[in-house]
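Asks:
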Amino acid sequence: MAKASFRLQKLLRRTRFLLFFLSAAYLMTGSLLLLQRARVALPPGPRAPGPLQALPVAAVALGVGLLDSRAPRAPRVSPDLPLGADVPRGPPARARPGPRWLRTRNPELRQPRRGWFHHFVGDPQGPPALRPEAPGPAVGGRGTYVGCFSDSGRDRTLKGAVFFDLRKMTVSHCQDACAERSYVYAGLEAGAECYCGNRLPVTSVGPEACNHECKGEKGSACGGVGRLSVYRVQELQPGSRKRRTVTYRGCFRLPENGTHTFPDSLLQPNATAEACSGFCSQKEFPLAVLWGRECYCAYPTPQFSLRDAVDSSLCGRGPEAPRQAEYCEVYQTPVQDTRCTDRRFLPTKSKVFVALSSFPGAGNTWVRHLIEHATGFYTGSYYFDGTLYNKGFKGEKDHWRSRRTICVKTHESGRREIEMFDSAILLIRNPYRSLVAEFNRKCAGHLGYAADRNWKSKEWPDFVNSYAAWWSSHVLDWLRYGKRLLVVHYEDLRRSLVPTLRDMVAFLNVSVSEERLLCVENNKEGSFWRRGRRPHDPEPFTPEMRALIDGYIRTVDRALREHGGAGLPGEYVPR
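Just add 753 to the spot in the sequence shown (first one is 1) and you have our numbering.
#1: My output table needs one value for A939: the three-state DSSP class, helix, strand or coil.
#2: Once DSSP output is grouped into helix, strand and coil, what is the label at V921?
#3: Quick one: residues in its chain with C-beta nearer than 7 Å to the C-beta of F1192, no 5 flanking neighbours on either side, listed in chain order?
#4: Count the CB pairs spanning the region 941 to 949 and the region 960 to 974 that are closer than 8 Å, and state whether there are at least three.
#5: Given 8 Å as the limit, is there contact between the region 1116 to 1132 and the region 1260 to 1272, that is, 3 or more CB pairs closer than that?
#6: Mind checking N1218: buried by the 16 CB within 10 Å criterion, or exposed?
#7: List the whole-angstrom C-beta distance separating K1150 from F1130, where the pair is believed to meet the contact cut-off of C-beta under 8 Å.
#8: Is it true that the CB of A1115 sits closer than 8 Å to the CB of S1226?
#9: Tell me, to the nearest whole angstrom, how far the beta carbon of L1180 is from that of V1120; I am working on the premise that it is less than 8 Å.
#10: Can you list, in chain order, the stretches of the alpha helix (DSSP H) that have 4 or more residues and sit fully within the region 1078 to 1143?
#11: In the structure shown, what three-state DSSP assignment does E1297 receive?
#12: In angstroms with no decimal places, state the Cα-to-Cα distance between R1060 and L1271.
#13: What's the gap between the Cα of P1184 and the Cα of C1029?
#14: For A807, which of helix, strand or coil comes out of DSSP?
#15: Tell me which residue opens and which closes the alpha helix (DSSP H) that D1245 is part of.
#16: Count the other CB atoms within 10 Å of the CB of L836; is the residue buried (16 or more) or exposed (fewer)?
#17: Using the three-state DSSP reduction, which class does F1174 fall into: helix, strand or coil?
#18: Should the region 1050 to 1069 be regarded as contacting the region 1004 to 1023, the criterion being three or more beta carbon pairs within less than 8 Å?
#19: Note down the Cα distance separating T1118 from S1134, rounded to an integer number of angstroms.
#20: Are there 16 or more other CB atoms within 10 angstroms of the CB of A1300, so buried, or fewer, so exposed?
#21: Name the one or two DSSP bridge partners that K1162 has.
#22: How far does the beta strand (DSSP E) with G900 in it reach, from first residue to last?
#23: I'd like to confirm the pairing. Which residues does DSSP put opposite D1017 in its beta bridges?
#24: Leaving out five residues before and five after F1015 in sequence, what residues of the same chain have Cβ atoms less than 7 Å from its Cβ?
#25: Helix, strand or coil for C927, going by three-state DSSP, please let me know.
#26: Less than 8 Å between the beta carbons of S1110 and A1177, yes or no?
#27: CB-CB under 6 Å to W1044, same chain, minus the five flanking residues each way: which ones, in chain order?
#28: Given that a residue counts as buried once 16 or more other Cβ atoms are within 10 Å of its Cβ, and exposed if not, what is L1232?
#29: How many angstroms separate the CA atom of A827 from the CA atom of W1153?
#30: Just to check my reading of the structure: D918 and N1143 have Cβ atoms closer than 8 Å, yes? What is that Cβ distance to the nearest angstrom?
#31: Under the rule that 16 or more other beta-carbon atoms within 10 Å means buried, what is D1017, buried or exposed?
#32: Could you check if N1010 is buried or exposed, using at least 16 other CB atoms within 10 Å of its CB as the buried criterion?
#33: Taking a contact to mean a Cβ-Cβ separation below 8 Å, would you say F902 touches V983 in this structure?
#34: Quick check on L1200: does DSSP put it in helix, strand or coil?
#35: Looking at C-alpha atoms only, which residue of L1238, T1094 and K1195 is the closest neighbour of F1106?
#36: What number of angstroms, rounded off, separates the C-alpha of G1201 from the C-alpha of R1194?
Quick look at the structure:
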């Protein structure tokens, strides 16, 4: 009886194993047949995205490599975002076809896996490729399509103005921006980047190389990777506003060697400032020099630095003022000084992790603009602000710990956040100015002003009570935990830009020429100044607010002196 029971148990074990094996084989075969049937019977309809469109934004539209193979983190919420603004997010990921086990980041492994899979299901060639129709030049705009060009790196010719737009870039948008700045050509690259200039790129390529669609205009070509779709801007687009073509810089003494200082010239009877500025703009010179009937085009140089202006009457400006022969009038043209606009990521990872730390509203974005143009390298950010990225801060999209940027913007304080950095530039601004600037940005964005109702509401006193303490604690924490600091005052940069910027560049261990620093000084304004008249300029600080802020000022001033510095500038400290 025992022997019969043992045989029965043995048979049941074998039968259970056999049933399990047959069930697994049945399910696998059925799954493969369903996959094959779904692939063969694909219904006609919208075509699947081609290989270029399926690439992630960071690889195609931005040209930025993937530095970290770990899973991406959710974007940080920047304290620079306006109140109530949505956190900027990238486009939703597209579903990848095929089973999960076929997917791999390594392209060398992907093809053998996929080939084996299709051979197993009976189709060694794989599914037929469904390619989208190639995008073409935009139609209906006032600009004229010139062609597709290769124009990248330091030899780029369209570098007068640069901006990006990951979501809404269109050909008309780029043309409007270039026309507003008095440029002749507008070039679009990688679907989201716009470049302006007055000279065509040298190398022309076939139209198939400009195969990226504009992010905001389906069917229109917006260049490719390292390729520009170039349009000639013949006239302003509807709704665009042209900037002033002439800005008077002052009256200056002529340099001794004018031929060397002024690379180009125009002799014209009764030459006007407008005509001279227009001539120099076409030549992409930032300065137009008017000396009698002669027009010269120039850059700021050590011999002609525009720092020693004289009385305008010496140039004949004013009633019955005779013009002196050795003096000339200088005008700013609407084009940028392109000697310092080329920027790139660091060729190798930086060994020193540098922070550009400041309280919000202290001018961090403006200082990033100065550093990028002075060093030629992008700056990074602890946050992501799409508005800054669209204005040309390409490092905004890069991971803040990639070490591919010259320094990283941060408003953080606290020991853990500070000790992550090897050194830091600590930017300090008068708290009264910082609080007003940050409140304007919180209520109306980077370039707007807070409305009267915001200043009169409870929101403003609550803001001052919390943010004034943050201004103080931010400086104190960096003085306490920072490993190597360079303290820079915003007011010193405004008063004496080149010497202060020279110290900052030396701190970053970058060598730059004097001509490049003068170029930065000529382009110092950047894209984030609040222009126009304030809607209302009251005295926003009550006596109680002033007493609170003055106490924090004294505390920070004392800490700076104890740290070995000179303390805060005189206009900060209440007397």
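Just so it is clear, CB atoms sit at the ideal spot from N, CA and C, and this is done for glycine as well.
Since the structure is predicted, the reported quantities are computational estimates derived from the model, not experimental observations.
Replies: So, to answer that:
#1: strand
#2: Residue identity check: residue 921 is Lys in the sequence provided, not Val. K921 falls in the coil class under three-state DSSP.
#3: A1203, W1213 and F1216
#4: yes
#5: yes
#6: exposed
#7: About 15 Å; that fails the 8 Å criterion.
#8: no
#9: 6 Å
#10: 1117 to 1128 and 1139 to 1143
#11: helix
#12: 10 Å
#13: 43 Å
#14: Because the pLDDT at A807 is just 34, under 50, the model does not fix this residue reliably, and the value given afterwards should be weighed accordingly. A807: helix per DSSP, three-state reduction.
#15: Y1243 to R1248
#16: Bear in mind that a pLDDT of 41 at L836, under 50, signals an unreliable position, so the number given afterwards is only what the model happens to contain. L836 comes out exposed.
#17: coil
#18: yes
#19: 10 Å
#20: exposed
#21: L1109 and S1134
#22: T897 to S903
#23: C1050
#24: V1042, Y1049, C1050 and A1051
#25: helix
#26: yes
#27: C1081
#28: buried
#29: Bear in mind that the predicted position of A827 carries a pLDDT of just 40, short of 50, making it too unreliable to give a figure here.
#30: 5 Å
#31: exposed
#32: exposed
#33: yes
#34: coil
#35: L1238
#36: 7 Å
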